[in-house]
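Read the structure below first, then the notes.
Numbering (UniProt numbering), first residue to last: 1 to 230.
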């Protein structure tokens, strides 16, 4: 996978359009990164990841923010739909292109509602190139499924006008903590991973329970397991 430190170096591209990819398959990641850089000379792939939480954090960080993020709809730690929603609620600039190996109809409506600018199947690299080119040129794609996607700015304003509730109200750090708890990690280990104090993790847990209206952490975890793929 590509490290964000390659940004602007030309190692994975030759231009000023910063692209990042989050996908659950390392082969797909490497293929997309290489082929996009070859097909679009203005593109530099600045990073790739298989982790949804990492994708959110890097996209929202000005130092590693891409211009276009390709998002697999079926990630292992969280859905691509949620990745799009978490980013779009906080960022009006980055363009989000969903990619999937499943029929587009399964994700088109939710991807649109989550603030994506398009959705394309991974089975055809030419289709990915075409969709990417349209998002790059006009801001949105027009997929065969017929869904009319919004620009990043329009989707941002729509989501900002809708107060987040439940899991959507959690910050990226709170989502990371909750997912780590779901995996059975101790608060001490979570603190070490995030580089924060254990007391700060406990504070995050309290906020998570309050936002999810959960009496216990176990209840919060169960809610997360049932809601994270929406």
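Ideal Cβ positions, reconstructed from N, Cα and C, are used throughout, including at glycine.
Worksheet item: Around the Cβ of residue 144, are there at least 16 other Cβ atoms within 10 angstroms (buried) or fewer (exposed)?
Response: exposed
Worksheet entry | For residue 70, three-class secondary structure by DSSP | strand
Discussion item. Would you call the stretch 113-133 in contact with the stretch 146-154, where contact means no fewer than 3 C-beta pairs closer than 8 Å?
Written reply: yes
Fill in: Sequence-distant residues of the same chain with beta carbon closer than 7 Å to residue 93, five excluded per side
152
Worksheet item: residue 17 bridges to which residues according to DSSP?
Response: 43
Worksheet item: Where are the alpha helix (DSSP H) runs, 4 residues long or more, that stay fully inside the stretch 82-155, in chain order?
Response: 108-113, 125-138
Discussion item. Just to check my reading of the structure: residue 136 and residue 68 have Cβ atoms closer than 8 Å, yes? What is that Cβ distance to the nearest angstrom?
Written reply: 7 Å
Discussion item. Pairs of beta-carbons, one from the stretch 165-176 and one from the stretch 206-215, closer than 8 Å: are there three or more?
Written reply: yes
Worksheet entry | Option nearest residue 205 by Cα separation, candidates 225, 31, 195, 179 | 179
Worksheet entry | Close-in-space but distant-in-sequence residues of the same chain around residue 59 (CB under 8 Å, 5 per side omitted) | 20, 65, 66, 69, 87, 91, 94
Discussion item. Just verifying my parser: in three-state terms, what is the DSSP assignment at residue 79?
Written reply: strand
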